[in-house]
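> Protein chains in written order, with the numbering used here: chain R, 2 to 177; chain Y, 248 to 519. Please read through the structure below; I'll follow up with questions.
Right under this line is the structure:
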C-alpha cells in the first residue's frame, strides 16, 4: 500500500513540476520578461560615410542601412540623422517588408573636429533609441593658404622696394 | 644711357651702404642682441618650463608650434618698434640729419636703406624665433614633424612683419619725436588696432582692413582656428574669421602703400 501511495505522490510531483515548467515562460512573457516580442523589429543596421577621412567643408554622404527584422511589414517610419545630437536631416515615409533592408543617404558639409554621427528611427514623432546606430567621424581642418601665394606676395614686396629705388634713380638721372 | 646706368648703380650701392650703416648702428646700440635674446627666451619658455616642472609638452608638434608661435605677433611688434620706430624721426630730433643729408649720397637711397635695415633686423629676430621653435620640434617630436604648415606660418609672419614695419616706418616719417613715433607704432599695433577690431566685430562689421585682424593666421595654419591678432581679444565672441587671401592683399597694401608714403614724406621733410 505504502509503495503505491509513494508512486502516486511521485507522479503528482512530476506532473506539478512539468506544468510549472510549461507555464513559466508564458507568465514571464506577459510580465515583460525575456519572452518573444510581437511589435515591429526595425533598426539601423549599418552607418557608413562616403569618405572616412574628410577635410573641413568636404561634402560627405552618410549612408544608413535600415533592416526590418520583424515578421510583419512596417511603414511610416522616419530616419533621423544626427551629428553631435543635432539633427542634420531626415528621410520620412520609410516602409519595409518583413526581412527587407534598404539604404538611405544624406549629404552633410563636414565641420572640423571629432563628431559623433548617428542615425535613429522615429515613429509617430517618438524617437526609438534602441533602433539607432552611431559612429565617430574625425574631420581635419582645411589647410589654410598655400606656399606659392605667400612666396609670390613676398616677391611683390621685394620687387616694389627695388623698383621704387630704381625708378627714383632713373627719374633723377633723366632730370639732371 | 650711360649716365642713367651710372646713377642707378651708384644709388644701389648707396642703398647698400645705408643698410649696412643702419645695421651696424642697431648692433652698436645692442638692439639686435637684445631682440635676439628675447626671441630665444620666448621660443624656449614653452619647452623649458613644462620640462623643468615636468608637466608634459603638447601632444602633437602642431599643438606645440601653435602654442609657441602664438607670441610671434608680439615679437614682430616689439622688434618692429625697436628697429623702425625712430629710424627717420631720430635723424630730425637729434638733428643728425644735418650731417647725414648734405653727404653726396642720394637721400632716397638713405631712406630706402633705413627701411631695408629695419626689415632685415626684424626678419633676423623672427627667423631665430622660428629656428629655435623648429629645433625644439625636431628634438621632441622628430624632424618629420616640421610640416609645410610651419613653413607657411613662417612666410606669413614675414608678410605680417613687412606690414607692421611699414606702418611703424610711416609713423617715423611723419612724427618729429623719436619716442612719440616709436610709442605710436607700438601701441597702434598692440592696442589701438586690436581694440578697433573688437569694437567693429561687436557692431558686426568685419575689420578686414585692419592688419592685426590677420595676426592670428600665423598660428591658424596649424589647425584649430579663428583667433584674430594679439591684443585684448577673447572678450567678445568672434563672428568673423580672417580670410587668408584677403589677408595677403591687406599685408601687401600696408607694406607697399605705407612704405611709399613714408618714403615720400621723409623726402619732403628733408627739405624742411
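Beta carbons are placed, not taken as given, at the ideal position from N, Cα and C, and that holds for glycine.
Quick one: residues in its chain with C-beta nearer than 6 Å to the C-beta of residue 318 of chain Y, no 5 flanking neighbours on either side, listed in chain order?
Position 71 of the second chain, counting from 1, holds the residue named residue 318 of chain Y. 289.
> Give me the Cβ distance between residue 424 of chain Y and residue 340 of chain Y, rounded to the nearest whole Å; I'm assuming they're in contact under 8 Å.
Position 177 of the second chain holds residue 424 of chain Y. Position 93 of the second chain holds residue 340 of chain Y. So it is a contact: roughly 6 Å between Cβ atoms.
> Count the other C-beta atoms from every protein chain shown that fall within 10 angstroms of the C-beta of residue 99 of chain R, then say buried if there are 16 or more, exposed otherwise.
On the first chain, position 98 is the one that residue 99 of chain R refers to. Flag for residue 99 of chain R reads exposed.
> Measuring only the C-alpha atoms, how far is residue 162 of chain R from residue 385 of chain Y?
Position 161 of the first chain, counted from the first residue, corresponds to residue 162 of chain R. Position 138 of the second chain, counted from the first residue, corresponds to residue 385 of chain Y. Distance between the alpha carbons of residue 162 of chain R and residue 385 of chain Y: 35 Å.
> Quick check: what's the CA-CA separation for residue 490 of chain Y versus residue 453 of chain Y?
Within the second chain, the letter at position 243 stands for residue 490 of chain Y. Within the second chain, the letter at position 206 stands for residue 453 of chain Y. Taking the straight line from one Cα to the other gives about 11 Å.
> Hey, how far is the Cα of residue 266 of chain Y from the Cα of residue 258 of chain Y?
For the purposes of this step, residue 266 of chain Y is taken as residue 19 along the second chain, with counting starting at 1. For the purposes of this step, residue 258 of chain Y is taken as residue 11 along the second chain, with counting starting at 1. Distance between the alpha carbons of residue 266 of chain Y and residue 258 of chain Y is about 12 Å.
> Does the separation of the CB atoms of residue 503 of chain Y and residue 158 of chain R fall below 8 Å?
Counting from one through the second chain, the residue named residue 503 of chain Y turns up at place 256. Counting from one through the first chain, the residue named residue 158 of chain R turns up at place 157. Closer than 8 Å, so yes.
> If you measure between the beta carbons of residue 117 of chain R and residue 135 of chain R, is that distance less than 8 Å?
Walking along the first chain from the start, residue 117 of chain R turns up at place 116. Walking along the first chain from the start, residue 135 of chain R turns up at place 134. In this structure, residue 135 of chain R lies closer than 8 Å to residue 117 of chain R by Cβ.
> Can you have a look at residue 34 of chain R and say buried or exposed, based on whether 16 or more other CB atoms are within 10 angstroms of its CB?
The residue you call residue 34 of chain R lines up with position 33 of the first chain. Model confidence at residue 34 of chain R stands at a pLDDT of 38, short of 50, so the residue's coordinates are unreliable; what they give is reported in the following sentence. Flag for residue 34 of chain R reads exposed.
> Can you give me the C-alpha to C-alpha distance between residue 335 of chain Y and residue 416 of chain Y, rounded to a whole angstrom?
Here the question's residue 335 of chain Y lines up with position 88 in the second chain. Here the question's residue 416 of chain Y lines up with position 169 in the second chain. One C-alpha to the other measures close to 7 Å.
> For residue 606 of chain Y, which residues in the same chain have their Cβ closer than 7 Å to its Cβ, ignoring the five residues on either side in sequence?
Any answer about residue 606 of chain Y is impossible in this case: the structure gives chain Y only from 248 up to 519.
> Closer than 6 Å by C-beta to residue 209 of chain Y: which residues in its own chain qualify, once you throw out the five before and the five after it? Chain order, please.
Absent from the model: residue 209 of chain Y. The displayed extent of chain Y is 248 to 519, so no value can be given.
> Taking 8 Å as the threshold (C-beta atoms), are residue 324 of chain Y and residue 381 of chain Y in contact?
Within the second chain, residue 381 of chain Y is the residue found at index 134, counting from 1. Within the second chain, residue 324 of chain Y is the residue found at index 77, counting from 1. Their beta carbons are not under 8 Å apart, which means residue 381 of chain Y does not touch residue 324 of chain Y by this criterion.
> Looking at chain R, is there any beta carbon in it that lies within less than 8 Å of the beta carbon of residue 467 of chain Y?
The residue you call residue 467 of chain Y lines up with position 220 of the second chain. Output row for residue 467 of chain Y: interface = yes.
> What residue range is occupied by the uninterrupted beta strand (DSSP E) comprising residue 60 of chain R?
For the purposes of this step, residue 60 of chain R is taken as the residue at position 59 of the first chain. From DSSP, the beta strand (DSSP E) with residue 60 of chain R extends over 60-69.
> Could you check the C-alpha separation between residue 322 of chain Y and residue 176 of chain R for me, to the nearest Å?
Taking the first residue of the second chain as position 1, residue 322 of chain Y is located at position 75. Taking the first residue of the first chain as position 1, residue 176 of chain R is located at position 175. Straight-line Cα distance between these residues: approximately 43 Å.
> Alpha carbon to alpha carbon, how far is residue 433 of chain Y from residue 391 of chain Y?
In the second chain, residue 433 of chain Y corresponds to position 186, counting from 1. In the second chain, residue 391 of chain Y corresponds to position 144, counting from 1. If I take the Cα positions, the gap works out to 37 Å.
> Alpha carbon to alpha carbon, how far is residue 8 of chain R from residue 14 of chain R? Give it in angstroms, no decimals.
Numbered from its first residue, the first chain carries residue 14 of chain R at position 13. Numbered from its first residue, the first chain carries residue 8 of chain R at position 7. Rounded to whole angstroms, residue 14 of chain R to residue 8 of chain R spans 10 Å at the Cα level.
> Quick one: what's got a C-beta closer than 6 Å to residue 75 of chain R's C-beta in the same chain, skipping five residues either side?
By one-based count along the first chain, residue 75 of chain R stands at place 74. 41, 43, 69 and 97, listed in sequence order.
> From R/169, R/46, R/173 and R/154, pick the residue whose C-alpha is nearest to that of residue 103 of chain R; which is it?
The residue labelled residue 103 of chain R in the question sits at position 102 within the first chain. Residue R/46 is the option with its Cα nearest to residue 103 of chain R.
> Under 8 Å between beta-carbons, which chain R residues line up against residue 403 of chain Y? List them in chain order, please.
Sequence index remark: in the second chain, residue 403 of chain Y carries index 156 (1-based). Per Cβ cutoff of 8 Å: 146 and 151.
> Please name the residue, chosen from Y/512, Y/470, Y/261 and Y/291, that lies closest to residue 364 of chain Y on a Cα-to-Cα basis.
Here residue 364 of chain Y refers to the residue found at position 117 when the second chain is read from its first residue. Nearest C-alpha to residue 364 of chain Y: Y/261.
> Along the chain, where does the beta strand (DSSP E) containing residue 379 of chain Y start, and where does it finish?
Along the second chain, read from residue 1 onward, the residue named residue 379 of chain Y stands at position 132. Counting along the chain, residue 379 of chain Y falls outside any beta strand (DSSP E), though it belongs to the alpha helix (DSSP H) covering 354-388.
> Does the distance from the CB of residue 331 of chain Y to the CB of residue 419 of chain Y come in under 8 Å?
Indexing the second chain from 1 puts residue 331 of chain Y at position 84. Indexing the second chain from 1 puts residue 419 of chain Y at position 172. It is a contact, given that the beta carbons lie within the stated cut-off.
> Just to check my reading of the structure: residue 64 of chain R and residue 106 of chain R have Cβ atoms closer than 8 Å, yes? What is that Cβ distance to the nearest angstrom?
Translated into positions along the first chain, residue 64 of chain R becomes position 63. Translated into positions along the first chain, residue 106 of chain R becomes position 105. Contact flag correct, Cβ pair sits at about 5 Å.
> Report the neighbours of residue 301 of chain Y on chain R: residues whose CB is nearer than 7 Å to its CB, in chain order.
Counting from one through the second chain, the residue named residue 301 of chain Y turns up at place 54. Those do not exist, as residue 301 of chain Y stays about 28 Å from chain R at its closest Cβ, beyond 7 Å.
> Check whether chain R comes within 8 Å of residue 463 of chain Y, counting only Cβ atoms and requiring the distance to be less than that.
Numbered from its first residue, the second chain carries residue 463 of chain Y at position 216. With 8 Å as the cut-off, residue 463 of chain Y does not count as an interface residue toward chain R.
> Which residues bound the alpha helix (DSSP H) around residue 415 of chain Y?
Translated into positions along the second chain, residue 415 of chain Y becomes position 168. First-last of the alpha helix (DSSP H) with residue 415 of chain Y: 395-421.
> Using a Cβ-Cβ distance under 8 Å, would residue 365 of chain Y count as near chain R?
Along the second chain, one-based indexing puts residue 365 of chain Y at 118. No, residue 365 of chain Y lies away from the interface with chain R (no Cβ there is under 8 Å from its Cβ).
> Starting from the C-beta of residue 51 of chain R, find all residues in its chain whose C-beta is less than 6 Å away, skip the five residues before and the five after it, and write them out in chain order.
One-based indexing of the first chain puts residue 51 of chain R at position 50. So the list reads 61 and 62, once near-sequence residues are dropped.
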